[in-house]
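Residue 55, in the UniProt record's numbering, is where the sequence shown stops; the numbers in between run on with no holes. Report on one structure; see the data block that follows.
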Amino acid sequence: MEGVYEEYSWENFKRKFLAKYFPETARERYGEEFLKLHQGGMNVEAYAKKFESLS
């Protein structure tokens, strides 16, 4: 039995993947947190971990 397959471009795949697993509202929230990130009283290791978790 043959299935029907749609050819995907990278852009099409990326758009569908992000919509399903990383919705726009989450991307906006993480983007805002990323832009507000400052080292402040954190040591370099803690800041780097936070930076990596948001990127």
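Glycine included, C-beta positions come from ideal geometry on N, C-alpha and C.
Judged by DSSP secondary structure, Phe51 falls within the alpha helix (DSSP H) whose first and last residues are Val44 to Leu54. In this chain, Phe22 is not harboured by any alpha helix (DSSP H), its DSSP state being neither H nor E. In this structure, DSSP gives Leu37 a state outside helix and strand, which the three-state scheme calls coil. When secondary structure is reduced to three states using DSSP, Gly3 falls in the coil class, being assigned neither helix nor strand.
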